[in-house]
Amino acid sequence: MSDTVISHVTSEPRPVRAALIGFAVLAMALLVGAPLITVFAEALTDGLPVALESLSHPEAVDAIRLTLIVAAVSVPLNAIFGIAAAWTITKFQFKGKALLLTLIDIPFSVSPVVAGLCIVLTFGANSAFGGWLVANGFPVVFALPGIILASMFVTFPFVAREIIPVMIEQGRSEEEAALTLGASGWRVFFTVTLPNIRWALLYGVLLCNARAMGEFGAVAVVSGKIRGLTATMPISIEMLYNEYQSVAAFSMAAVLALLALVTLALKTLLEWRYASQLAANRRH
Amino acid sequence: MQIDIDEISKLFGATAALHPVSLALPSGALVALLGPSGSGKTTLLRILGGLEFPDTGRVLFDGQDATGLTVQERRAGFVFQSYALFRHMTVFENIAYGLRARGRQRPAEAEITRRVTRLLELIQLPDIGKRYPTQLSGGQRQRVALARALAIEPRMLLLDEPFGALDAKVRKELRQGLRDIHDTTGLTTVFVTHDQDEAMELADLVVVMSMGRIEQIGRPQDIRARPASDFVRSFISA
Ligand SMILES: Nc1ncnc2c1ncn2[C@@H]1O[C@H](COP(=O)(O)OP(=O)(O)OP(=O)(O)O)[C@@H](O)[C@H]1O
Ligand SMILES: [Mg+2]
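Residue numbers (our numbering), protein chains in the order written: chain A, 1 to 284; chain B, 1001 to 1238.
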């Protein structure tokens, strides 16, 4: 239906349209396609066995494991926070709602490096709180908690931003109906709210996951880049590259790109399979 | 069940949705809350159902103070304006929802099936259990919403503009449907409408509201014969 609408409202002559489409395709090929192909080509310059060999290096294995741990912790937590924030914003009337909405968007506008620095300043050994944490054997900066915090900060808006429009559109009446039928708050959440937002939630979680695994800037600042300990995949890629270990760097980059491609494929599959529901749910 | 509303008032920010209003609804009556848009009908209905809480005043069920009862404890069968059917559940599951939500007192599966089937027969739609709400007409949705509310064996029935979204012919049919269900169940029933024909034709008792106040309470013929104010006179002749 949208296709017919578009052809009605656009009046550009055919050649102009062809040129625009051609330009878009060219830009995509140059900006996205070429680098992606290069990554895989570079990784395979000395053949697949060498690439795999570099990935089985203990430090590479550690980096992959660390990235998976960070994603496994920060994505579910952000899903929960995202649902809670969306719930608060859409189901209650209160002062400061607009402020809360803006706060949710802050990670989109703040540079990840700045976010990382804030975490270092708050939790680092030089601050009172950070010093106390280190003294009690729970260092945050240059350790796993800091990396998780940084990743969570950067990916916080993804889930909330996906489900808020859905919740606003659906209103409260189904939940109220469930309450009048005797259901407890938790029961309403699990049997009515959650099923109604499930596609948007899944979509948000996929985006959140892709970004959590790929985050560089904020993690670079808080991790201290300790090899085999706090180096995530993006960090190791940078370090390997700077040391001219190009096959190792690009092999790791290829794995990261593959993870992202799998996420994208899943997202496309969902969009295709549930096109109508997503269309009804999405407004941005 | 007899319902008494005693000096109930409700503010939303600076707007007074209800000035203190008092009202006695006899057990088993079919009552219409009639009034123009914004007169506070929905607010009053939601206060009865426990979805909204009054700033002052009390609600009494059979003489017992029910003001502090939660929405679950009220056991009011509530039919929402847009029906609010659970879109991801079949009609059967929609109607069974209240029975399944009972926790430990939840009936056995066979009993749930039996009751849902009986309710589908009551609303004269025995074959639509497997459908989803989007696959129903407006009139069918309304009747499913009614069946879902009746499934919990409510103490009263509250309906917000139950015929609002329907065309004239279906409205007429469903009016009779509501009358029949009221007469079979004997439940105290309150429905909101801004259509004076509907109120006059269907209700035993009509409550005319305007700007958060009750203008008149009476039987349809009494309100027609002796409107208590200019507002009532002009509203019912509109
Ligand atoms: N949740 C709310 N927040 C703020 N104001 C509200 C809220 N609900 C109702 N009001 C206000 O209270 C007044 C009464 O509203 P109510 O919904 O009870 O009217 P109504 O008689 O049901 O009208 P309608 O026929 O349009 O449904 C209106 O002025 C309305 O704007
Ligand atoms: Mg209303």
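All C-beta atoms in this analysis are idealised placements derived from N, C-alpha and C, irrespective of residue type, glycine included.
This one's a predicted model, so the numbers in the text were calculated from it and none came from an experiment.
In the displayed model, A/E215 falls within coil according to three-state DSSP, outside both helix and strand.
Short of 8 Å from the beta carbon of A/A43, and not among the five residues preceding or following it, lie these beta carbons of its own chain, in chain order: A51, V247, F250, S251, A253, A254.
Taking 8 Å as the cut-off between beta carbons, the residues of the segment 1058-1076 of chain B near chain A are V1071, Q1072, R1074, R1075, A1076, in sequence order. Among the residues of chain B, none has a CB under 7 Å from the CB of A/R273; the nearest is roughly 16 Å distant. B/K1041 has its CB nearer than 7 Å to a heavy atom of ligand 2. B/D1006 is bridged by DSSP to B/R1058. B/I1003 is positioned such that its CB atom lies no closer than 8 Å to that of B/L1018. Between B/R1171 and B/N1094, the gap from beta carbon to beta carbon reaches 8 Å or more. The segment 175-183 of chain A makes no contact with the segment 128-137 of chain A: fewer than 3 CB pairs, one atom from each, lie closer than 8 Å. At least 8 Å separates the CB of A/T193 from every CB of chain B. Taking 7 Å as the cut-off, the C-beta of A/T263 does not count as close to any heavy atom of ligand 1. Burial is judged here by how many other beta carbons sit within 10 angstroms of a residue's own beta carbon; A/I37 has fewer than 16 and is exposed. Secondary structure of A/G146 (DSSP, three-state): helix. Membership of B/H1182 in the alpha helix (DSSP H) is indicated by the continuous run 1168-1185. Within chain B, A1101 have C-beta atoms less than 7 Å from the C-beta of A/A183, given in sequence order. By the C-beta density criterion, B/F1086 is buried, having at least 16 other C-beta atoms within 10 angstroms. According to the DSSP assignment, B/P1020 belongs to no alpha helix (DSSP H) but to the beta strand (DSSP E) extending over 1015-1025. In this structure, the alpha-carbon of B/D1204 lies about 31 Å from that of B/L1099. By the criterion of at least three beta-carbon pairs nearer than 8 Å, the segment 18-36 of chain A is not in contact with the segment 172-180 of chain A. Rounded to the nearest angstrom, the gap between the Cα atoms of A/D46 and A/Y241 is 16 Å. Distances from the alpha-carbon of B/G1077 to those of B/T1067, B/A1225, B/L1187, B/A1199 put B/L1187 closest.
Within the DSSP bridge table, the entry for B/T1188 names B/M1156 as partners.
Relative to ligand 1, B/G1035 has its C-beta within less than 7 Å of a heavy atom. Counting C-beta pairs closer than 8 Å gives three or more between the segment 1195-1202 of chain B and the segment 1017-1035 of chain B, which meets the contact rule. For B/F1191, there are no neighbours in chain A by C-beta distance under 9 Å, as the nearest C-beta there is about 15 Å away. Here A/F158 is buried, its C-beta having at least 16 other C-beta atoms within 10 Å. In this structure, A/V154 lies near A/A218, with their beta-carbon atoms less than 8 Å apart. Distance between A/L266 and B/D1006, taken at the CA atoms: about 58 Å.
B/A1084 has a beta carbon lying within less than 8 Å of a beta carbon in chain A. Taking 8 Å as the threshold, the shortest C-beta distance from A/L179 to chain B falls below it. Inside the segment 174-253 of chain A, DSSP marks whole alpha helix (DSSP H) runs of 4 or more residues at positions 185-188, 194-214, 217-223, 233-242, from first to last along the chain. The Cβ of A/N196 sits closer than 8 Å to at least one Cβ of chain B. When Cβ-Cβ separations below 8 Å define contact, A/E162 makes no contact with chain B.
When Cβ pairs closer than 8 Å are counted between the two stretches, the segment 205-219 of chain A is seen not to touch the segment 1114-1128 of chain B, the count staying below three. Annotation: Cβ neighbours of B/F1080 in chain A (cutoff 8 Å, chain order): S173, E176, A177. Remark: three or more beta-carbon pairs, one from each stretch, lie closer than 8 Å, so the segment 1147-1161 of chain B and the segment 1043-1054 of chain B are flagged as touching.
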